[in-house]
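A.B. asks: Numbering (my numbering), first residue to last: 18 to 301. Glycine included, C-beta positions come from ideal geometry on N, C-alpha and C.
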Amino acid sequence: MVVDGSSYWHFFNSWWEVFRTKAYKNGDLIPISRPPVIQRWIPEGSDPILTLPFTREDEFIDRPYAPLLRERIFHFSSASLSKLKAKVNSECNTTKISSLKALSAVVWRCVTRARRLPADQETGCRLAFNNRHRLSPPLPETYLGNSIAAVRGTATAGELLDHGVGWAAWRLHQAVVNHDDKVIREFVDSWVKNPFVYKMSRLFDANSIQMGSSPRFDMYGNEFGLGKGVAVLSGYANKFDGKVTLYEGREGGGSMDLEVCLLPENMAAFECDEEFMNVVNGLL
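Set out below in structure tokens:
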């Protein structure tokens, strides 16, 4: 079974719970507190058995060229993120922008600046997020499977850099808000009629960034007798120029770690970007 981040970390959290209770008591299994929901969600009127229309391997397997990338991990304290969130919401005259959207907007702006794109070049920021609570009726948070989607905020490089970070964050907020039950069901219905497999080449866009994972997952609470983890890292797979992965900060409390992959020349400019490093250092 292919699962998303919510199910992945639910599995590890449950495994830790089993380990903590030693799994057995008087010969009986100890039930976990949040058992997974394994019943499949199938849209109304859809056949639960789907025949994929592929006849050739290259229709569902993609091996894109991977250029040399440079990866950096940046840490953001909860205090720094609170300042950023307050600044962004003040610029937007709202209270609806989350720390995650605010930070995504900063990264979008600063990567675009580092890439030195022409003012009329369209750029984008994709956010991957959980569909479960956006459906009506919602799926349980413990639904085991893959229920994520990606939305994309867009702007030209000139628009993005001429406006403030609040403007960019509001573009992302609108993209998320507009992704509702109707949009999700329309996409699923369309996919059932014309199935396809996601390929890296479809996600990669040299003028955009892709934000993945979530700092809301309990990553450091899973302790299997070796002490608290030192760091959460990812491997080489699914990396491309503009891939950004979000992690819970080790100290918790709303802190975040950001894993950023860029071309070496762009990373050199990005890690010297004054706007970005001011957020890293809490100088807002």
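Suppose only complete runs of 3+ residues qualify. What are the beta strand (DSSP E) ranges in the stretch 72–142, listed by chain order?
C.D. replies: If we require 3 residues or more, the beta strand (DSSP E) runs fully inside the stretch 72–142 come out as 87–93.
A.B. asks: My guess is that C127 and M228 are in contact by the Cβ rule of under 8 Å, so how many angstroms apart are they, rounded?
C.D. replies: The sequence position of residue 127 within the sequence shown is 110, counting from 1. The sequence position of residue 228 within the sequence shown is 211, counting from 1. C127 to M228, Cβ: 13 Å. No contact.
A.B. asks: Between P60, L300, A174 and L301, which lies nearest to D198 when the distance is taken from Cα to Cα?
C.D. replies: Position 181 of the sequence shown holds residue 198. Checked all of P60, L300, A174 and L301; the closest Cα to D198 is P60.
A.B. asks: Whole angstroms is fine: what's the gap from S271's alpha carbon to S115's?
C.D. replies: Looking up residue 271 in the sequence shown gives position 254. Looking up residue 115 in the sequence shown gives position 98. Correcting the residue type first, residue 271 is Gly in the shown sequence and not Ser. So the two alpha carbons sit approximately 11 Å from each other.
A.B. asks: Give the DSSP-derived three-state secondary structure of A248 in the structure shown.
C.D. replies: As a first step, residue 248 must be located in the sequence shown, where it is residue number 231. If DSSP states are grouped into helix, strand and coil, A248 belongs with coil.
A.B. asks: Starting from M273, trace the beta strand (DSSP E) in both directions and tell me its first and last residue.
C.D. replies: Here residue 273 refers to the residue found at position 256 when the sequence shown is read from its first residue. Its beta strand (DSSP E) spans residues M273 to L279.
A.B. asks: Just checking my contact of F234 with E265 at CB under 8 Å: how many whole Å lie between their CB atoms?
C.D. replies: The residue you call residue 234 lines up with position 217 of the sequence shown. The residue you call residue 265 lines up with position 248 of the sequence shown. About 6 Å; that satisfies the 8 Å criterion.
A.B. asks: If we cut at 8 Å on Cβ distances, does M217 have a partner in chain C?
C.D. replies: Included in the structure is just one protein chain, with no chain C present.
A.B. asks: Rounding to the nearest angstrom, what Cα-Cα distance links N255 and R80 in this structure?
C.D. replies: Residue 255 sits at position 238 when you count from the first residue of the sequence shown. Residue 80 sits at position 63 when you count from the first residue of the sequence shown. Whole-angstrom Cα-Cα distance: 11 Å.
A.B. asks: Could you check which residue in A185, A192, I165 and G238 has the C-alpha nearest to that of V205?
C.D. replies: If you number the sequence shown from 1, residue 205 lands on position 188. With distances taken between Cα atoms, V205 lies closest to I165.
A.B. asks: To the nearest angstrom, report how far apart W184 and P70 are at their CA atoms.
C.D. replies: Here the question's residue 184 lines up with position 167 in the sequence shown. Here the question's residue 70 lines up with position 53 in the sequence shown. Answer to the nearest angstrom: the Cα atoms are 43 Å apart.
A.B. asks: Which partner residues of L144 appear in the DSSP bridge assignment?
C.D. replies: Position 127 of the sequence shown holds residue 144. In the DSSP output, where bridge partners are listed per residue, L144 has V168 and M228.
A.B. asks: Take every Cβ of the stretch 131–141, pair it with every Cβ of the stretch 156–171, and state whether three or more of those distances are shorter than 8 Å.
C.D. replies: In short, these stretches touch, since the Cβ pair count reaches three.
A.B. asks: Please report the straight-line C-alpha distance between P232 and A96, rounded to a whole angstrom.
C.D. replies: Here residue 232 corresponds to residue number 215 of the sequence shown, with the count starting at 1. Here residue 96 corresponds to residue number 79 of the sequence shown, with the count starting at 1. Going by the C-alpha atoms only, they are around 15 Å apart.
A.B. asks: Relative to the C-alpha of K273, which candidate in N106, Y25 and K118 has its C-alpha closest?
C.D. replies: Here the question's residue 273 lines up with position 256 in the sequence shown. The question names Lys, but residue 273 is Met in the sequence shown. Closest option to M273, Cα to Cα, is K118.
A.B. asks: Contact check, V182 vs V123 under 8 Å by CB: the rounded distance?
C.D. replies: Residue mapping note: residue 182 aligns to position 165 of the sequence shown, counting from 1. Residue mapping note: residue 123 aligns to position 106 of the sequence shown, counting from 1. Yes, they are in contact, since the Cβ atoms of V182 and V123 sit about 6 Å apart, within 8 Å.
A.B. asks: Check whether the Cβ atoms of F36 and F241 sit closer than 8 Å, and answer yes or no.
C.D. replies: One-based indexing of the sequence shown puts residue 36 at position 19. One-based indexing of the sequence shown puts residue 241 at position 224. Yes; because the gap between Cβ atoms is below 8 Å, this pair is in contact.
A.B. asks: What are the start and end residues of each continuous alpha helix (DSSP H) run of 4 or more residues lying completely inside the stretch 22–60, in chain order?
C.D. replies: Taking only runs of at least 4 residues, the alpha helix (DSSP H) segments lying wholly in the stretch 22–60 are 22–37.
A.B. asks: Using beta-carbon positions only, say whether V303 and N239 come within less than 8 Å of one another.
C.D. replies: This structure does not reach residue 303, given that the chain is present from 18 up to 301, and the question cannot be answered.
A.B. asks: Since F91 contacts V297 with CB under 8 Å, what's their CB separation in whole angstroms?
C.D. replies: Translated into the one-based positions of the sequence shown, residue 91 becomes position 74. Translated into the one-based positions of the sequence shown, residue 297 becomes position 280. Contact flag correct, Cβ pair sits at about 5 Å.
A.B. asks: Can the beta-carbon of P52 be found less than 8 Å from the beta-carbon of T159?
C.D. replies: Start at 1 with the first residue of the sequence shown, and residue 52 comes out as number 35. Start at 1 with the first residue of the sequence shown, and residue 159 comes out as number 142. Cβ distance < 8 Å, so P52 and T159 count as in contact.
A.B. asks: Using 10 angstroms around the beta-carbon of A174, count the other beta-carbons present and answer buried if the total reaches 16, otherwise exposed.
C.D. replies: Residue 174 sits at position 157 when you count from the first residue of the sequence shown. By the neighbour-count rule (16 or more Cβ atoms within 10 Å), A174 is buried.
A.B. asks: Tell me which residue opens and which closes the alpha helix (DSSP H) that V182 is part of.
C.D. replies: As a first step, residue 182 must be located in the sequence shown, where it is residue number 165. V182 to V194 is the span of the alpha helix (DSSP H), which, as asked, contains V182.
A.B. asks: By Cβ distance, which residues of its chain are closer than 7 Å to P212, with the 5 residues on each side in sequence left out?
C.D. replies: The residue given as residue 212 occupies position 195 in the sequence shown. If we look at P212 and ignore the five residues flanking it on each side, its Cβ neighbours are L67, L69 and P70.
A.B. asks: Could you round the C-beta distance between W58 and C109 to whole angstroms and report it? I think they count as a contact, below 8 Å.
C.D. replies: Within the sequence shown, residue 58 is the residue found at index 41, counting from 1. Within the sequence shown, residue 109 is the residue found at index 92, counting from 1. W58 to C109, Cβ: 34 Å. No contact.
A.B. asks: Would DSSP call K199 helix, strand or coil?
C.D. replies: Counting from 1 along the sequence shown, the entry for residue 199 is found at position 182. If DSSP states are grouped into helix, strand and coil, K199 belongs with the helices.
A.B. asks: Which residue's Cα is closest to the Cα of A131: G244, V105, R202 and L177?
C.D. replies: Here residue 131 refers to the residue found at position 114 when the sequence shown is read from its first residue. Nearest of G244, V105, R202 and L177 to A131, Cα basis: L177.
A.B. asks: Under 8 Å between the Cβ atoms of F93 and L120?
C.D. replies: Against the sequence shown, residue 93 aligns to sequence position 76. Against the sequence shown, residue 120 aligns to sequence position 103. Yes, the Cβ-Cβ distance between F93 and L120 is below 8 Å.
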